[in-house]
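The structure appears below as structure tokens.
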Amino acid sequence: MRKTYLIIIITCVYTFFSCQSKAEKIKNEDSSIITNRIDSLFTNEYAQDRFQGGIVISEKGKIIYENYLGIADRTWGISVDKNTKFDIASVNKSMIAALVLKAVEDNLLHLEDKLVDLLADFDYQGNFHSEITLHHLLCHRSGLADYDSVSNELKKDNFLKFKRSQFSNGEYVNFISKLPQLYSPNERFYYSNFAYHLLAIVLEVTYKMPFKEILKEKLTIPLGLRNTISVDKNNHIIEKLAKDYCYDEKSKAWLQTPFIDLSLGRRIFSTSLDLNKWAQVIGNPGWLSKKSLNLLTKNHQNKTENISYGYGWVVFDLNTKSKIGDLKISKPYIIHGGSTDGYKSMLININNQEYVISFLSNLGNNTNELVLAQKIVQILIQ
């Protein structure tokens, strides 16, 4: 009888591991098919001059695809690699928002703080609505203007004169204060880059240090993001920087975009790998509290506006949709893209780290970051 039981047990164990092995084999085969399809996608995008840069995709914290394509510097023929830095453009809003919440956790700031009080040490000729709060700035409900409201003179040549204006903090606060207030605070969603530029200045006032040092001390060092930096001087040489290019139809050549100013330190440079790590922080309490993470990824907009935006992230949950950032999938996710001069960026966290997608490109408008993201998720989520 004991011998019979032993045989049954051995048979069951063998069957279990045999089935497990087959299931694992099927899973590996499926993963291989997915990565091959993604590889084919990027090979084609690169061949069509629609992408060059870095791409990292992780599944539940494990990298399943990583690739680097193209040229970082066309003058010297330097290729893109895993340590090549790109301007992450508006993806920096996710970091700025997180730094503000870090200051809130340290009881240095409060979401109800009024902008006029936070800027009390600055002399400015215009005005800010007295009811604008940090919360309004973070979720784009301040009513502050955006680039479209600057003068026609500053708009010329793709805002080139404006981008070359070397403002001090005080001069920039004064400049923004004189732009028209488009809406009352909390009246509606209106995407304002200037709101986030003011948040960076508020952080500098709060910590009494340059934004580049705040980013380093409070975010990149604690999280091990070794290739993520901000600079505030134009003569600062960024190691392993991808130059930004746009295709010129007249000359049929790739031209580096004209110089733009860095004096306010609003720009953040990073790698696809660092960005992927950063997106995984959102959803893992530790560096930020669960409460703060919920604030980042909670929709703070009215449902009637067809916009779903938290703090520095476009938010798609199971109940809300948004006319920006739609990947056309049923899973919840947070997303933010960026575009500035020759750089394009995209960062996506699907279903709390089920998949995290990050990519950076330096081909200007030849890269359609949202369309490319949609193609990726169509492969991942079948």
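Be aware that the sequence shown starts at 1, since it is given in the numbering used here, and climbs by one per residue. Built from N, CA and C at the ideal position, the CB exists for glycine as well.
Taken through DSSP and simplified to helix, strand or coil, S192 comes out as coil. In terms of Cβ geometry, D274 and N349 do not form a close pair [threshold 8 Å]. Secondary structure of G364 (DSSP, three-state): helix. As the crow flies, the alpha-carbon of Q256 is around 9 Å from that of Y247.
Taking I71 as the centre and dropping the five residues before and after it, the same chain places the C-beta of Q52, G77, I78, S79 and V80 closer than 8 Å to its C-beta, in chain order. In the structure shown, V56 adopts extended strand secondary structure according to DSSP, grouped into three states. E105 has its alpha-carbon roughly 19 Å from the corresponding atom of H300.
Distance from the Cα of G61 is smallest, within the candidate group T320, G312, E369 and W278, for W278.
When DSSP states are grouped into helix, strand and coil, Y355 belongs to the strand group.
Under the three-state reduction of DSSP, H336 is assigned to strand. Buried is the label assigned to L203, since at least 16 other Cβ atoms lie within 10 Å of its Cβ. In this structure, the CA atom of F194 is about 19 Å from the CA atom of L296. Counting only runs of 4+ residues, the alpha helix (DSSP H) found wholly inside the region 113 to 165 occupies 115 to 118, 134 to 138 and 152 to 163, in chain order. Using a Cβ-Cβ distance cut-off of 8 Å, the region 165 to 172 and the region 104 to 118 are not in contact, since fewer than three pairs of beta carbons, one from each stretch, lie closer than that value. About 6 Å separates the beta carbon of S230 from that of F211, a gap short enough to meet the 8 Å contact definition. The beta carbons of K218 and L99 sit closer together than 8 Å. Collapsing the DSSP output to three states places Q280 in a helix.
Closest in C-alpha terms to K328, from the list A373, T304 and L293, comes A373. For A98, the enclosing alpha helix (DSSP H) starts and ends at N92 to E105. Residue state for E239 is assigned as coil, using DSSP reduced to three classes.
Taken atom to atom, the span from the alpha-carbon of N284 to that of K290 is near 8 Å. Closest in alpha carbon position to Y147, among F128, P180 and L69, is P180.
Between I63 and I38, the C-beta gap is not smaller than 8 Å, which leaves the two residues out of contact. As the crow flies, the alpha-carbon of V371 is around 14 Å from that of Q48. Listed in chain order, the beta strand (DSSP E) elements of length 3 or more contained wholly in the region 205 to 253 are 245 to 248. If you check the CB distance, S292 and L101 come in under 8 Å. For E369, the enclosing alpha helix (DSSP H) stretches over residues E369 to L380. Between I379 and I34, the C-beta gap is smaller than 8 Å, which places the two residues in contact. Bounds of any beta strand (DSSP E) do not take in L295; it lies within the alpha helix (DSSP H) bounded by K290 to L296. Ranked by Cα distance from S308, the first of G286, W287, I335 and L288 is I335.
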